[in-house]
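Number of protein chains: 2
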Amino acid sequence: MNLPLGFRYSALYAGIRKVAKPDLALILADQPASAAAVFTTNKVQAAPVRLSRAHLAETGGIARAVLVNAGNANCATRTGDRVALATARAAAKTLQCKPAEVLSSSTGVIGVELNPKLITDALPDLAAGLSPDRFLDAADAILTTDLVRKVAFAESGGIRIAGMTKGSGMIHPGMATTLAYVMTDAAMPPAALRAHLKAAVARSYNRLSVDGDMSTNDTLLVLASGASGIQPKKAAFQAALDEVCQSLAKQIARDGEGAQKFVEIQVSGAASEAAAARIARAIANSPLVKTAIAGSDPNWGRILCAAGYSGVDFDPTLVDIWLQGVKVCRKGLAAPMDEAALTRKLDAKDCLIRFQIAGEGKGQATFYTCDHTHGYIDINASYRT
Amino acid sequence: MNLPLGFRYSALYAGIRKVAKPDLALILADQPASAAAVFTTNKVQAAPVRLSRAHLAETGGIARAVLVNAGNANCATRTGDRVALATARAAAKTLQCKPAEVLSSSTGVIGVELNPKLITDALPDLAAGLSPDRFLDAADAILTTDLVRKVAFAESGGIRIAGMTKGSGMIHPGMATTLAYVMTDAAMPPAALRAHLKAAVARSYNRLSVDGDMSTNDTLLVLASGASGIQPKKAAFQAALDEVCQSLAKQIARDGEGAQKFVEIQVSGAASEAAAARIARAIANSPLVKTAIAGSDPNWGRILCAAGYSGVDFDPTLVDIWLQGVKVCRKGLAAPMDEAALTRKLDAKDCLIRFQIAGEGKGQATFYTCDHTHGYIDINASYRT
Numbered sequence: 016m017n018l019p020l021g022f023r024y025s026a027l028y029a030g031i032r033k034v035a036k037p038d039l040a041l042i043l044a045d046q047p048a049s050a051a052a053v054f055t056t057n058k059v060q061a062a063p064v065r066l067s068r069a070h071l072a073e074t075g076g077i078a079r080a081v082l083v084n085a086g087n088a089n090c091a092t093r094t095g096d097r098v099a100l101a102t103a104r105a106a107a108k109t110l111q112c113k114p115a116e117v118l119s120s121s122t123g124v125i126g127v128e129l130n131p132k133l134i135t136d137a138l139p140d141l142a143a144g145l146s147p148d149r150f151l152d153a154a155d156a157i158l159t160t161d162l163v164r165k166v167a168f169a170e171s172g173g174i175r176i177a178g179m180t181k182g183s184g185m186i187h188p189g190m191a192t193t194l195a196y197v198m199t200d201a202a203m204p205p206a207a208l209r210a211h212l213k214a215a216v217a218r219s220y221n222r223l224s225v226d227g228d229m230s231t232n233d234t235l236l237v238l239a240s241g242a243s244g245i246q247p248k249k250a251a252f253q254a255a256l257d258e259v260c261q262s263l264a265k266q267i268a269r270d271g272e273g274a275q276k277f278v279e280i281q282v283s284g285a286a287s288e289a290a291a292a293r294i295a296r297a298i299a300n301s302p303l304v305k306t307a308i309a310g311s312d313p314n315w316g317r318i319l320c321a322a323g324y325s326g327v328d329f330d331p332t333l334v335d336i337w338l339q340g341v342k343v344c345r346k347g348l349a350a351p352m353d354e355a356a357l358t359r360k361l362d363a364k365d366c367l368i369r370f371q372i373a374g375e376g377k378g379q380a381t382f383y384t385c386d387h388t389h390g391y392i393d394i395n396a397s398y399r400t
Numbered sequence: 016m017n018l019p020l021g022f023r024y025s026a027l028y029a030g031i032r033k034v035a036k037p038d039l040a041l042i043l044a045d046q047p048a049s050a051a052a053v054f055t056t057n058k059v060q061a062a063p064v065r066l067s068r069a070h071l072a073e074t075g076g077i078a079r080a081v082l083v084n085a086g087n088a089n090c091a092t093r094t095g096d097r098v099a100l101a102t103a104r105a106a107a108k109t110l111q112c113k114p115a116e117v118l119s120s121s122t123g124v125i126g127v128e129l130n131p132k133l134i135t136d137a138l139p140d141l142a143a144g145l146s147p148d149r150f151l152d153a154a155d156a157i158l159t160t161d162l163v164r165k166v167a168f169a170e171s172g173g174i175r176i177a178g179m180t181k182g183s184g185m186i187h188p189g190m191a192t193t194l195a196y197v198m199t200d201a202a203m204p205p206a207a208l209r210a211h212l213k214a215a216v217a218r219s220y221n222r223l224s225v226d227g228d229m230s231t232n233d234t235l236l237v238l239a240s241g242a243s244g245i246q247p248k249k250a251a252f253q254a255a256l257d258e259v260c261q262s263l264a265k266q267i268a269r270d271g272e273g274a275q276k277f278v279e280i281q282v283s284g285a286a287s288e289a290a291a292a293r294i295a296r297a298i299a300n301s302p303l304v305k306t307a308i309a310g311s312d313p314n315w316g317r318i319l320c321a322a323g324y325s326g327v328d329f330d331p332t333l334v335d336i337w338l339q340g341v342k343v344c345r346k347g348l349a350a351p352m353d354e355a356a357l358t359r360k361l362d363a364k365d366c367l368i369r370f371q372i373a374g375e376g377k378g379q380a381t382f383y384t385c386d387h388t389h390g391y392i393d394i395n396a397s398y399r400t
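As given, the protein sequences belong to chains Y and B, one line each in that order. Okay, so the first sequence: first residue is 16 according to the working numbering, each after it adds one. Okay, so the second sequence: first residue is 16 according to the working numbering, each after it adds one.
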């Protein structure tokens with residue numbers, strides 16, 4: 016793992032979450048970095064989302080620091096905006112930068128007041144702990160119900176990209192899902208970074224679903240320090256950024272709340288990429304498909320049924336479906352198969368659903384999700400209390 | 016229970032489902048009855064749905080018989096259309112009516128060939144068993160994963176209405192959900208019956224969700240025999256039909272797959288009824304809200320969050336939320352409450368969520384759903400095998 020130049024990281028336990036593991040992370044760019052972000056499209060937006068959007072507008076896409084806490088979403092609270100602003104200002108003072116150069120995120124329970132003193136009191140230690148090597152410590156501190164750390168790295172033409180993300184519930188495409196921070200030492204103006212981010216998100220985070228719930232706090236942020244001194248070629252940088260974002264998105268699906276299996280859905284032959292994505296999303300969001308996968312049940316009728324209510328116009332008699340490479344549906348009808356053998360194949364950790372419409376078009380899309388198990392219910396029936 | 020005049024019912028076990036309980040039902044109108052129906056809007060439609068739609072078009076809304084089997088959806092099968100047509104023709108011969116006067120429905124697994132001989136062989140016994148008193152036998156024979164029978168009755172101005180329905184999974188609004196048959200002895204032409212049905216469905220079956228999956232076979236059919244000799248007043252008949260349809264829809268939610276609790280969601284103060292329904296639907300479909308209810312967790316943040324991604328524009332700071340009559344959110348923020356006491360209230364079998372937007376409009380809507388538990392996963396991870 017070769018980390019991008021020009022960044023330092025820190026993390027500690029500030030007492031925000033009940034369990035005593037790090038819950039406050041800081042990412043610092045040594046110099047003002049180009050910054051681009053996408054945020055939740057939920058009408059209910061957390062205070063740090065509003066603040067970060069305002070700060071990016073104020074600076075025109077420049078940032079020095081990212082302050083992230085886990086354990087409290089700082090959303091739908093009386094003091095939310097004040098807390099977000101006060102902690103960003105305190106961080107700016109500690110780090111000797113402008114308040115607008117500080118971006119912030121929160122994740123955790125909604126509707127509970129966040130005590131800013133927990134964060135401001137921790138800032139001196141947090142700043143003292145900054146180091147170029149503590150990337151993984153920061154990645155761990157942003158996790159909530161996640162079972163595993165989620166990071167991804169890429170190198171291309173002399174520049175480095177490193178990303179960290181969190182999330183396993185309230186995951187739904189149509190926006191930047193959950194929290195993600197991607198650092199690169201490429202040299203690039205904010206506008207170019209924004210264009211690259213938009214393209215990368217379209218085929219990674221916006222093709223990801225765990226439970227269909229869209230959070231109030233979701234943020235995906237890319238920082239480019241320029242510390243490599245290299246202005247990368249567009250296509251090569253896009254490919255590297257795509258690789259990191261897709262890896263992070265897949266890791267979220269794999270660690271979906273209660274998930275035992277990672278599910279990839281490939282749709283092809285639709286009239287357009289948008290139509291393919293819509294079909295894939297309907298399949299990915301179907302509780303009946305996701306429970307069938309959990310039970311290793313090759314119930315392709317549910318897959319066809321979900322595609323049927325996706326809102327996309329297609330001819331069901333042109334549809335072929337494969338599960339784990341085994342054809343289960345041919346021209347909309349049952350294909351002969353060895354069900355016992357396929358059931359065993361479906362016991363694997365990775366499940367692939369291919370849905371192909373013959374001769375309708377060239378639109379294709381890949382979507383990531385997970386199976387739906389008791390674990391999801393165990394986690395979410397008692398998350399708050 | 017006063018049954019509508021002019022109908023007879025029968026049911027028996029024809030060997031379609033594995034478990035030896037009745038799986039074939041017949042409803043017969045003694046004379047040609049006015050008929051109106053709504054069907055699934057899924058692009059993938061079962062053969063009996065296609066046949067019934069064609070038959071209703073052919074007769075202009077007249078029917079004599081309804082033939083329903085459980086245990087096989089007769090959908091996405093090679094012989095589906097032939098099986099639906101052959102069994103309807105055989106029923107017409109047995110009952111001495113026109114084939115187009117026979118409507119049919121199937122429910123069960125998708126993509127498995129349905130053997131028509133099981134049905135045609137059973138027709139003589141099925142017809143021999145017809146009786147005005149066997150309404151409940153027919154209601155039992157159409158059930159699949161349902162745990163309880165679902166029937167509802169109303170009387171108004173001398174006419175009677177009796178409805179039966181089935182369904183506990185693949186339940187999603189936006190269409191006539193699952194199977195339902197409503198008989199009345201009111202005298203009414205097909206066009207009037209269609210108008211009444213459309214209005215009744217809008218506020219009953221289209222306000223119902225269990226898992227967000229929309230079936231390929233859903234059918235809601237109303238038959239008016241005219242045997243009472245009474246042409247009812249419009250408003251009174253509508254009220255009685257609404258009562259029956261809402262009762263049936265609520266019974267489906269209460270018996271949702273794995274459900275331990277019935278959940279009613281009342282949204283008010285939206286800009287329009289459509290906006291209120293959209294917010295209510297997002298709350299009803301949120302797995303996070305439904306698991307919180309399962310865990311008796313007063314996690315109102317998830318309710319506000321779901322409304323936020325419903326696609327409806329509203330001001331979160333104007334929102335009040337009540338759970339079981341206890342205010343938990345005031346102007347978008349936490350309201351002071353006794354959480355332990357509320358948790359105990361949430362242990363009840365019936366859960367009421369009220370979501371009110373202050374001063375935005377007069378749009379209101381009520382939606383029915385259930386909690387989301389391990390039971391849903393147990394049922395659906397092994398339904399097929």
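Backbone N, C-alpha and C fix where the C-beta goes; we use that ideal spot for every residue, glycine too. Treat the numbers as computed from the prediction; the structure is a model and nothing was measured.
Would you mind working out which of Y/Ala-101, Y/Asn-89 and Y/Thr-109 sits nearest Y/Glu-128, comparing C-alpha positions?
Counted from its first residue, the first sequence places residue 128 of chain Y at position 113. Out of Y/Ala-101, Y/Asn-89 and Y/Thr-109, Y/Asn-89 has the C-alpha closest to the C-alpha of Y/Glu-128.
Using a C-beta cutoff of 8 Å, does B/Pro-331 count as contacting chain Y?
Taking the second sequence and counting its residues from 1, one reaches residue 331 of chain B at position 316. Closer than 8 Å: yes.
Just tell me which of Y/Ile-336, Y/Ala-154 and Y/Asp-365 has its CA closest to the CA of Y/Met-26.
Here residue 26 of chain Y refers to the residue found at position 11 of the first sequence. Note that residue 26 of chain Y is Ala in the sequence shown, not Met. Nearest option by C-alpha distance: Y/Ala-154.
Cβ pair B/Val-304, B/Phe-370 closer than 8 Å:
Taking the first residue of the second sequence as position 1, residue 304 of chain B is located at position 289. Taking the first residue of the second sequence as position 1, residue 370 of chain B is located at position 355. Result no, Cβ atoms of B/Val-304 and B/Phe-370 do not sit closer than 8 Å.
Cβ neighbours of Y/Leu-6 in the same chain (closer than 8 Å, five flanking residues each side left out):
The structure shown does not extend to residue 6 of chain Y, since chain Y spans only 16 to 400, so no value can be given for it.
Looking only at its own chain, which residues have a Cβ that is under 6 Å from the Cβ of B/Thr-192, when we skip the five neighbours before and after it?
As a position in the second sequence, residue 192 of chain B is number 177, starting the count at 1. Annotation note: pLDDT 41 at B/Thr-192 (below 50); position unreliable, coordinate value reported separately. Only Ile-186, Tyr-220, Leu-223 and Asp-233 meet the Cβ criterion.
Can you tell me which of Y/Lys-248, Y/Ala-169, Y/Ala-250 and Y/Leu-118 puts its alpha carbon nearest to the alpha carbon of Y/Leu-263?
Position 248 of the first sequence, counted from the first residue, corresponds to residue 263 of chain Y. Closest by C-alpha distance to Y/Leu-263, out of Y/Lys-248, Y/Ala-169, Y/Ala-250 and Y/Leu-118, is Y/Ala-169.
For B/Lys-165 and B/Thr-122, believed in contact at Cβ under 8 Å, the rounded distance:
For the purposes of this step, residue 122 of chain B is taken as the residue at position 107 of the second sequence. For the purposes of this step, residue 165 of chain B is taken as the residue at position 150 of the second sequence. Between B/Lys-165 and B/Thr-122 the Cβ distance is about 13 Å, and since that is not below 8 Å, they are no contact.
Host alpha helix (DSSP H) of Y/Ala-143 (start-end):
As a working note, residue 143 of chain Y is residue 128 in the first sequence. Taken as a continuous stretch (DSSP letters only), the alpha helix (DSSP H) holding Y/Ala-143 covers 131 to 143.
Return yes when the Cβ of B/Leu-212 is within less than 8 Å of the Cβ of B/Arg-78, no when it is not.
Translated into the one-based positions of the second sequence, residue 78 of chain B becomes position 63. Translated into the one-based positions of the second sequence, residue 212 of chain B becomes position 197. It should be pointed out that residue 78 of chain B corresponds to Ala in this sequence rather than to Arg. No, they are not a contact pair.
Looking only at C-alpha atoms, which of Y/Ile-392, Y/Glu-288 and Y/Glu-272 sits nearest to B/Gly-273?
Here residue 273 of chain B refers to the residue found at position 258 of the second sequence. Considering only alpha carbons, the answer is Y/Ile-392.
Quick check: what's the CA-CA separation for B/Pro-351 versus B/Lys-265?
Counting from one through the second sequence, the residue named residue 351 of chain B turns up at place 336. Counting from one through the second sequence, the residue named residue 265 of chain B turns up at place 250. Roughly 32 Å separates the two Cα atoms.
Any beta carbon of chain B sitting closer than 8 Å to that of Y/Arg-93?
Indexing the first sequence from 1 puts residue 93 of chain Y at position 78. Cβ-Cβ to chain B under 8 Å: yes for Y/Arg-93.
Simplified DSSP assignment, three categories, for Y/Asp-335:
In the first sequence, counting from the first residue as 1, residue 335 of chain Y sits at position 320. Three-state DSSP puts Y/Asp-335 in a strand.
By the criterion of Cβ-Cβ separation under 8 Å, what are the contact partners of B/Cys-366 in chain Y?
Translated into the one-based positions of the second sequence, residue 366 of chain B becomes position 351. Correct list: empty, because the minimum Cβ distance to chain Y is about 13 Å.
Quick one: is B/Asn-13 near chain Y, going by C-beta distance under 8 Å?
This structure does not reach residue 13 of chain B, given that chain B is present from 16 up to 400, and the question cannot be answered.
When B/Pro-63, B/Val-197 and B/Pro-302 are compared against B/Gln-261, the one with the closest alpha-carbon:
Taking the first residue of the second sequence as 1, we reach residue 261 of chain B at position 246. Of the listed residues, the one whose Cα sits closest to B/Gln-261 is B/Val-197.
At a Cβ threshold of 8 Å, is B/Ile-42 touching chain Y?
Position 27 of the second sequence holds residue 42 of chain B. Closer than 8 Å: no.
Considering Y/Gln-246, what are the terminal residues of the beta strand (DSSP E) in which it resides?
For this step, residue 246 of chain Y is matched to residue 231 along the first sequence. Run containing Y/Gln-246: none; DSSP gives neither H nor E here.
For Y/Glu-375, name the three-state secondary structure that DSSP assigns.
Position 360 of the first sequence, counted from the first residue, corresponds to residue 375 of chain Y. Reduced to three states, the DSSP call for Y/Glu-375 is coil.
Using a threshold of 8 Å, state whether the C-beta atoms of B/Ser-301 and B/Leu-361 are closer than that.
In the second sequence, the residue the question calls residue 301 of chain B occupies position 286. In the second sequence, the residue the question calls residue 361 of chain B occupies position 346. For B/Ser-301 and B/Leu-361, no; Cβs fall outside 8 Å.
For B/Asp-257, three-class secondary structure by DSSP:
Residue numbering aside, residue 257 of chain B sits at position 242 when the second sequence is read from its first letter. Three-state DSSP puts B/Asp-257 in a helix.
Sorted by chain position, which residues of the same chain lie with C-beta nearer than 6 Å to B/His-389's C-beta, five sequence neighbours on each side aside?
Residue mapping note: residue 389 of chain B aligns to position 374 of the second sequence, counting from 1. Answer for B/His-389: no residue qualifies.
Report the rounded CA-to-CA distance for Y/Tyr-383 versus B/Lys-248, giving the unit in angstroms.
Within the first sequence, numbered from 1, the residue matching residue 383 of chain Y stands at position 368. Within the second sequence, numbered from 1, the residue matching residue 248 of chain B stands at position 233. Using only the alpha carbons, I get a separation of about 54 Å.
Give the single residue among B/Leu-71, B/Pro-37, B/Asp-38 and B/Asp-45 whose Cα lies nearest to the Cα of B/Val-53.
Position 38 of the second sequence holds residue 53 of chain B. If we check each option's Cα against that of B/Val-53, B/Leu-71 comes out closest.
So what does DSSP say about B/Tyr-24, is it helix, strand or coil?
Reading the second sequence from its first residue, position 9 is the one you call residue 24 of chain B. Strand, per DSSP.
Rounding to the nearest angstrom, what Cα-Cα distance links B/Ala-210 and B/Gly-95 in this structure?
Numbered from its first residue, the second sequence carries residue 210 of chain B at position 195. Numbered from its first residue, the second sequence carries residue 95 of chain B at position 80. Going by the C-alpha atoms only, they are around 31 Å apart.
Check the Cβ of Y/Asn-57 against every Cβ in chain B and list those closer than 8 Å, keeping chain order.
Here residue 57 of chain Y corresponds to residue number 42 of the first sequence, with the count starting at 1. Result: Cys-320, Gly-323 and Tyr-324.
If you draw a straight line from the C-alpha of Y/Thr-381 to the C-alpha of Y/Gly-347, how long is it?
As a working note, residue 381 of chain Y is residue 366 in the first sequence. As a working note, residue 347 of chain Y is residue 332 in the first sequence. Going from the Cα of Y/Thr-381 to the Cα of Y/Gly-347 covers about 21 Å.
Assigned exposure category for Y/Arg-93 - 16 Cβ within 10 Å defines buried:
For the purposes of this step, residue 93 of chain Y is identified with residue 78 of the first sequence, where counting begins at 1. By the Cβ neighbour-count rule, Y/Arg-93 is exposed, with fewer than 16 other Cβ atoms within 10 Å of its own.
Please determine, among B/Ser-67, B/Ala-29, B/Asp-45 and B/Glu-73, the residue with the shortest C-alpha to C-alpha distance to B/Leu-156.
Residue numbering aside, residue 156 of chain B sits at position 141 when the second sequence is read from its first letter. This sequence places Ala at residue 156 of chain B; Leu is not what is there. For B/Ala-156, the nearest C-alpha among the options comes from B/Ala-29.
Any chain B beta carbon closer than 8 Å to Y/Gly-316
Mapped onto the first sequence, residue 316 of chain Y falls at position 301. True, the Cβ-Cβ gap to chain B drops below 8 Å.
Note down, one range per segment and in chain order, each alpha helix (DSSP H) of at least 4 residues found wholly within the region 293 to 368 of chain B.
Segments of the alpha helix (DSSP H) lying fully in the region 293 to 368 of chain B: 302 to 309, 315 to 323 and 354 to 360.
Taking the continuous alpha helix (DSSP H) assigned at Y/Lys-213, which residues delimit it?
For this step, residue 213 of chain Y is matched to residue 198 along the first sequence. Taken as a continuous stretch (DSSP letters only), the alpha helix (DSSP H) holding Y/Lys-213 covers 205 to 217.
Please compile the residues from chain Y whose C-beta is within a distance smaller than 9 Å of the C-beta of B/Asn-130.
Position 115 of the second sequence, counted from the first residue, corresponds to residue 130 of chain B. Listed along chain Y is no residue with a C-beta nearer than 9 Å to that of B/Asn-130; the closest approach is about 14 Å.
Taking Cβ positions, are B/Thr-82 and B/Ser-49 nearer each other than 8 Å?
Taking the first residue of the second sequence as 1, we reach residue 82 of chain B at position 67. Taking the first residue of the second sequence as 1, we reach residue 49 of chain B at position 34. The residue you asked about is not Thr; residue 82 of chain B is Leu in the sequence shown. It is not a contact, given that the beta carbons lie outside the stated cut-off.
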